[in-house]
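Peer 1:
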Amino acid sequence: MTFTGEAVELHGHRGARGLRPENTLPGFAHALALGVHALEFDVGLTADDVVVLSHDQVLSPLTTADTGPVRPGDPLFPYVGRPLRDLTLAQVRTVDAGTRRPQHDDDPFALTQLPIPGTPLPTLAEVCALLSAVPGVHLAVELKTDPDWPDTEITRFTAAVAEVLEAFGVTARSRLLAFDWRVLVEARRYAPDAGRVALIDRRTTVPGTLWFAGQPHTDPAGAALDIGATALSPEWALAGPSLVESAQRLALPVAVWTVNEPDDMTRYLAYGVDAIVTDYPDRLRLVLQAHGLPVPDPWLKTTLPVPN
Numbered sequence: 001m002t003f004t005g006e007a008v009e010l011h012g013h014r015g016a017r018g019l020r021p022e023n024t025l026p027g028f029a030h031a032l033a034l035g036v037h038a039l040e041f042d043v044g045l046t047a048d049d050v051v052v053l054s055h056d057q058v059l060s061p062l063t064t065a066d067t068g069p070v071r072p073g074d075p076l077f078p079y080v081g082r083p084l085r086d087l088t089l090a091q092v093r094t095v096d097a098g099t100r101r102p103q104h105d106d107d108p109f110a111l112t113q114l115p116i117p118g119t120p121l122p123t124l125a126e127v128c129a130l131l132s133a134v135p136g137v138h139l140a141v142e143l144k145t146d147p148d149w150p151d152t153e154i155t156r157f158t159a160a161v162a163e164v165l166e167a168f169g170v171t172a173r174s175r176l177l178a179f180d181w182r183v184l185v186e187a188r189r190y191a192p193d194a195g196r197v198a199l200i201d202r203r204t205t206v207p208g209t210l211w212f213a214g215q216p217h218t219d220p221a222g223a224a225l226d227i228g229a230t231a232l233s234p235e236w237a238l239a240g241p242s243l244v245e246s247a248q249r250l251a252l253p254v255a256v257w258t259v260n261e262p263d264d265m266t267r268y269l270a271y272g273v274d275a276i277v278t279d280y281p282d283r284l285r286l287v288l289q290a291h292g293l294p295v296p297d298p299w300l301k302t303t304l305p306v307p308n
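Start counting the sequence shown at 1; every next residue gets the next number (UniProt numbering).
#1: Among the residues of its own chain, which have a CB less than 7 Å from the CB of Ala47, if the five just before and after it don't count?
#2: Report back the beta-carbon spacing between Pro296 and Gly35 to the nearest angstrom; my notes put them in contact at under 8 Å.
#3: Spatial neighbours of Phe157 within its chain, please: C-beta separation below 7 Å, excluding the five flanking residues on both sides.
#4: Quick check on Leu53: buried or exposed, where buried means 16 or more other Cβ atoms within 10 Å of its Cβ?
#5: Given this structure, state the Cα-to-Cα distance separating Ala65 from Pro83, to the nearest angstrom.
#6: To the nearest angstrom, how far is the alpha carbon of Glu245 from that of Val287?
#7: Let me check understanding here. Comparing Cα to Cα, which of Thr205, Leu238, Gly195 lies closest to Gly228?
#8: Using 8 Å as the cut-off, can you tell me whether the segment 18-36 makes contact with the segment 120-130, which would need three or more C-beta pairs spanning the two stretches below that distance?
#9: Taking only three categories from DSSP, how would you classify Val244?
#10: For Asp279 and Gly12, what's the separation of their Cα atoms in angstroms?
#11: On the DSSP bridge list, what partners appear for Ala200?
#12: Can you tell me where the beta strand (DSSP E) with Arg175 in it begins and where it stops?
#13: Shorter than 9 Å from the beta carbon of Leu286 to some beta carbon of chain B?
#14: Determine the direct distance from the alpha carbon of Ala29 to that of Pro307, and round the result to whole angstroms.
#15: Out of curiosity, what's the CA-to-CA distance linking Ala172 and Pro72?
#16: So, is Pro120 buried or exposed, given that buried needs 16 or more other C-beta atoms within 10 angstroms?
#17: CB Val141 to CB Arg101, shorter than 9 Å?
#18: Have a look at the DSSP bridge pairing and note the partners of Phe41.
#19: What first and last residue would you give for the alpha helix (DSSP H) that runs through Glu167?
#20: Exposed or buried, which one is Val277 when buried takes at least 16 other CB atoms within 10 Å?
#21: Kindly indicate which residue of Phe41, Gly68, Val50, Tyr79 has the alpha-carbon position closest to the one of Val58.
#22: State yes or no: is the C-beta of Ala221 within less than 9 Å of the C-beta of Leu199?
#23: Residues in its own chain within less than 6 Å of Gln91 by CB, not counting five upstream and five downstream?
#24: On the three-state DSSP scale, how would you describe Pro307?
#25: Can you find the residues in the same chain that come closer than 8 Å, C-beta to C-beta, to Asp106, ignoring five residues on each side of it along the sequence?
#26: Give a yes or no on whether the C-beta atoms belonging to Val51 and Val170 are separated by under 9 Å.
#27: What are the start and end residues of the alpha helix (DSSP H) that includes Ile276?
#28: Looking only at its own chain, which residues have a Cβ that is under 7 Å from the Cβ of Pro298, when we skip the five neighbours before and after it?
#29: Helix, strand or coil for Pro83? Go by DSSP, reduced to three states.
#30: Identify every residue that forms a DSSP beta bridge with His104.
#31: If I measure Cβ to Cβ from Leu225 and keep anything under 7 Å in the same chain, skipping five residues before and after, which residues do I get?
#32: Could you tell me which residues DSSP pairs with Gly195 in its beta bridges?
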């Protein structure tokens, strides 16, 4: 699948991280109520092979807090700070993901995000169930891995994600995102109808990079095309006019992340990007409208299974 090509797409980053708790169902419902073309979120795999939402490979003390062990005397408790891969779904379900807990008072998201205490981390299946009721909105699913993972784990993880998407019939409107481009290779095998988005940032585009699955770092757009990507998604600092032009010459749409200030949004519109990923969908909607560009319809139907 490709981007729509009809407008600059508005992608809600981790739902709407600047407005609601990230990677949660209430956050997604709020983003949908505002109106987005796609929801971007992160997934990992539990010890019992359930795909759940989490930006980090460990349960982060910034976004999660322990509430109690799943059973008395559980030797793995407390769970926050432990690798997701070491915890079962039942253990992950006990943590509260509804309140941001920054270490510093100037955390921008803590200043603008509405806490929703008691919110759990959802499974990918629950997100798919939510979005199955919202036709037209795309799923941008980032698989969180590292280059030191064995190939077998990359395959296992990608196949598990693909299985959930297929079970809910949303594969064709999904895009699998990864910094570790081995995921894109496996996505071509396990979810051929889904988009494959090559993520890049200043950390992964260095000489000798291990993130590009053996592809050269000097031409990220060309390397992404060669690996089988259907889109390129650069960090904002890399998304200059030359990179945008080189990718689009190869018919690779460009989705820049993460852009939160209206002036920067306007600048990337001038560069001709195909999508902007933002923590503040409300801000980007205003910018798009100010430039006479269409915005996605809000989803206001009462059939959404979670409150916004």
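We put the CB at the ideal spot given by N, CA and C, even for glycine.
Peer 2: The structure says:
#1: On the sequence shown, position 47 is the one that residue 47 refers to. Within the same chain, Ala47 has close Cβ partners Arg85, Asp86, Leu87, Thr88.
#2: Locating residue 296 in the sequence shown gives position 296, counting from the first residue. Locating residue 35 in the sequence shown gives position 35, counting from the first residue. 4 Å between Cβ atoms; contact.
#3: Counting from one through the sequence shown, the residue named residue 157 turns up at place 157. Residues Leu45, Leu143, Thr145 of the same chain have their beta carbon placed closer than 7 Å to that of Phe157, with the five preceding and five following residues left out of the count.
#4: Mapped onto the sequence shown, residue 53 falls at position 53. Classification for Leu53: buried.
#5: The residue you call residue 65 lines up with position 65 of the sequence shown. The residue you call residue 83 lines up with position 83 of the sequence shown. Using only the alpha carbons, I get a separation of about 14 Å.
#6: In the sequence shown, counting from the first residue as 1, residue 245 sits at position 245. In the sequence shown, counting from the first residue as 1, residue 287 sits at position 287. Distance between the alpha carbons of Glu245 and Val287 is about 22 Å.
#7: For the purposes of this step, residue 228 is taken as the residue at position 228 of the sequence shown. Out of Thr205, Leu238, Gly195, Gly195 has the C-alpha closest to the C-alpha of Gly228.
#8: yes
#9: Within the sequence shown, numbered from 1, the residue matching residue 244 stands at position 244. DSSP places Val244 in helix when its eight states are reduced to three.
#10: Position 279 of the sequence shown, counted from the start, is the residue given in the question as residue 279. Position 12 of the sequence shown, counted from the start, is the residue given in the question as residue 12. If I take the Cα positions, the gap works out to 6 Å.
#11: Residue numbering aside, residue 200 sits at position 200 when the sequence shown is read from its first letter. Reading off the sequence shown, one finds Ile at residue 200, where the question assumed Ala. Answer by DSSP bridge pairing, in chain order: Pro234.
#12: The residue you call residue 175 lines up with position 175 of the sequence shown. Counting along the chain, the beta strand (DSSP E) containing Arg175 begins and ends at 174-178.
#13: Going by chain labels, chain B is absent from the structure shown, which holds only one protein chain.
#14: Translated into positions along the sequence shown, residue 307 becomes position 307. Translated into positions along the sequence shown, residue 29 becomes position 29. Note that Pro307 has pLDDT 43, beneath the 50 cutoff, so the model's placement of it is unreliable and the number below is only indicative. Near 7 Å, if we compare the C-alpha coordinates of Ala29 and Pro307.
#15: For the purposes of this step, residue 172 is taken as the residue at position 172 of the sequence shown. For the purposes of this step, residue 72 is taken as the residue at position 72 of the sequence shown. Between Ala172 and Pro72, the alpha-carbon positions lie close to 43 Å from each other.
#16: For the purposes of this step, residue 120 is taken as residue 120 along the sequence shown, with counting starting at 1. It counts as buried.
#17: The count along the sequence shown starts at 1 and reaches residue 141 at position 141. The count along the sequence shown starts at 1 and reaches residue 101 at position 101. No, they are not a contact pair.
#18: What you label residue 41 is simply residue 41 of the sequence shown in a count that begins at 1. Paired residues: Val141.
#19: Taking the first residue of the sequence shown as 1, we reach residue 167 at position 167. Reading the sequence as shown, one finds Ala at residue 167 and not Glu. Run containing Ala167: 151-167, per the alpha helix (DSSP H) assignment.
#20: Position 277 of the sequence shown, counting from 1, holds the residue named residue 277. So Val277 ends up on the buried side.
#21: Reading the sequence shown from its first residue, position 58 is the one you call residue 58. Of Phe41, Gly68, Val50, Tyr79, the residue nearest in Cα terms is Tyr79.
#22: In the sequence shown, residue 221 corresponds to position 221, counting from 1. In the sequence shown, residue 199 corresponds to position 199, counting from 1. No, the Cβ-Cβ distance between Ala221 and Leu199 is not below 9 Å.
#23: Taking the first residue of the sequence shown as position 1, residue 91 is located at position 91. Around Gln91: Val70, Tyr79.
#24: Taking the first residue of the sequence shown as position 1, residue 307 is located at position 307. The predicted model places Pro307 with a pLDDT of 43, which falls under 50 and marks its position as unreliable, so this point remains unresolved.
#25: The residue given as residue 106 occupies position 106 in the sequence shown. Within the same chain, no Cβ atom closer than 8 Å to the Cβ of Asp106 is found once the five residues on either side in sequence are excluded.
#26: As a first step, residue 51 is located in the sequence shown; it is residue number 51 there, counting from the start. As a first step, residue 170 is located in the sequence shown; it is residue number 170 there, counting from the start. The Cβ-Cβ distance between Val51 and Val170 does not fall below 9 Å.
#27: Taking the first residue of the sequence shown as position 1, residue 276 is located at position 276. Taken as a continuous stretch (DSSP letters only), Ile276 belongs to no alpha helix (DSSP H), being part of the beta strand (DSSP E) at 275-278.
#28: Looking up residue 298 in the sequence shown gives position 298. Here the set comprises Ala33, Leu34, Gly35.
#29: Within the sequence shown, the letter at position 83 stands for residue 83. It is a strand residue.
#30: As a first step, residue 104 must be located in the sequence shown, where it is residue number 104. Answer by DSSP bridge pairing: none, since His104 is not bridged.
#31: Along the sequence shown, read from residue 1 onward, the residue named residue 225 stands at position 225. Cβ within range, chain order: Leu250, Leu252.
#32: Locating residue 195 in the sequence shown gives position 195, counting from the first residue. Beta-bridge pairing links Gly195 to Arg175.
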